[in-house]
Amino acid sequence: MATEFRPTTATRPTPTSVGMSHRTRQSIEVWAIRLVLIAITLISLFPTVYVVLYSFKGGGGSLYSSTFIPQKLTLENYTKLFNTNFSYWVRNSVIIGFFSGAVAVLLASFAGYAFSRMRFRGRKYGILGLLIIQMLPTGLVALPALFRIYQTVGLLNSIFGLILFFGVGGSALSVWLMKNFMDSIPKELDEAASIDGASHWQNFWLVLFPLIQPMLVAQFIFGFIGVYNEYIVTTVLLSDPTKYPLGVGVRTLSAAFATNWTVFCAAAVLGSVPILIIFFMAQRFLVEGLTKGALKG
52 MATEFRPTTA TRPTPTSVGM SHRTRQSIEV WAIRLVLIAI TLISLFPTVY VVLYSFKGGG
112 GSLYSSTFIP QKLTLENYTK LFNTNFSYWV RNSVIIGFFS GAVAVLLASF AGYAFSRMRF
172 RGRKYGILGL LIIQMLPTGL VALPALFRIY QTVGLLNSIF GLILFFGVGG SALSVWLMKN
232 FMDSIPKELD EAASIDGASH WQNFWLVLFP LIQPMLVAQF IFGFIGVYNE YIVTTVLLSD
292 PTKYPLGVGV RTLSAAFATN WTVFCAAAVL GSVPILIIFF MAQRFLVEGL TKGALKG
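Numbering (this note's numbering), first residue to last: 52 to 348.
Structure, rendered in structure tokens:
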């Protein structure tokens, strides 16, 4: 007797089960990424939290402790800090950083306008030269000559001399970013102003300057931070402790307090306050300026 053949049909997974599987896998991936980012954030914040906690540590200048949180919290380190020239150092750093940053941004905006809007012989070689200068340690190479020049003209041990060096020297990268930012602005605005009789100077101040303010703020912040943390050039050009910026002044604490690391921590905490204030005040302009400046190359 022949057996009856009945074909079997494979069951397909329902759309619901496929969708649930996909959503579950996607959810796991999202949470895995979040956990990795949280771990990276905690690792990055650990040194900062450590410095803040140990700036309040009492009982000596050692950073060693059996617990993560110091057992004795005190303001002793901050008291010792203000018995030094710390207030002068912060003031000098702010003055040098502010004025040199303003001068550097102004000059970079002029140069960026010339490379972006003007056509002249050697323009491409000038842009290439900016990139080459950016890759070379020109500050260190020129430091002996700079010392001799400043000694001749009487600018050694002068805050104005530092402002002149950092402001006029500036950064080739600032000019490059400023040019890219201006390239992203439609040239029809310039042409319309030129038809109305506007000169290059009027085009820059009346048309482009209001539009490049985000990039100006971004470049000012980076210039300020770079000068605020400067050490090598200021060590060579300054000798008066009351004229030291923060980076050089804090280094002298090792001689005054036999490397009291808790006082160092207190100096690091208070020294970061001006930068944090400027950063949070101009955070929106900083992000907008860097984003638009990177659109074109």
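A virtual CB, placed ideally from N, CA and C, is assigned to each residue, including glycine. Bear in mind the structure is a predicted one, so any value in this text is a computation, not a measurement.
Inset, instruction - Put Leu124 into one of helix, strand or coil per three-state DSSP. - result: strand
Inset, instruction - Ignore the nearest five residues each way along the sequence and tell me which others in Pro292's own chain have a CB closer than 6 Å to its CB. - result: Asn136
Legend entry - Cβ contact check for the segment 289 to 304 and the segment 80 to 92: 3 or more pairs under 8 Å: no
Inset, instruction - Ignore the nearest five residues each way along the sequence and tell me which others in Asn280's own chain have a CB closer than 7 Å to its CB. - result: Gly298
Inset, instruction - Compute the distance between the beta-carbons of Val103 and Val324, then report whether it is under 8 Å. - result: no
Inset, instruction - Using a threshold of 8 Å, state whether the C-beta atoms of Leu288 and Gly205 are closer than that. - result: no
Inset, instruction - Return helix, strand or coil for Lys108, following the three-state DSSP convention. - result: strand
Inset, instruction - Assign Ala193 to one of three DSSP states: helix, strand, or coil. - result: helix
Legend entry - Cβ-based neighbour list, Gly109, same chain, cut-off 6 Å, excluding 5 preceding and 5 following: Lys123, Thr125 and Glu127
Inset, instruction - Flag this pair as yes or no: are the beta carbons of Leu259 and Tyr176 separated by less than 8 Å? - result: no
Inset, instruction - Please list, in chain order, all residues of the same chain as Lys294 whose beta carbon is under 7 Å from its beta carbon, the five residues on each side excluded. - result: Asn143, Asn208 and Ile210
Inset, instruction - Return the first residue and the last residue of the alpha helix (DSSP H) that Phe255 is part of. - result: Here Phe255 belongs to no alpha helix (DSSP H), and DSSP marks it neither H nor E.
Inset, instruction - Within 10 angstroms of the Cβ of Ser290, are there 16 or more other Cβ atoms? Answer buried if so, exposed if not. - result: exposed
Inset, instruction - Drop a sphere of 10 angstroms on the beta-carbon of Tyr201, count the other beta-carbons inside from all chains shown, and report buried for 16 or more, exposed for fewer. - result: buried
Inset, instruction - Specify the secondary structure class of Gln334 as computed by DSSP and reduced to three states. - result: helix
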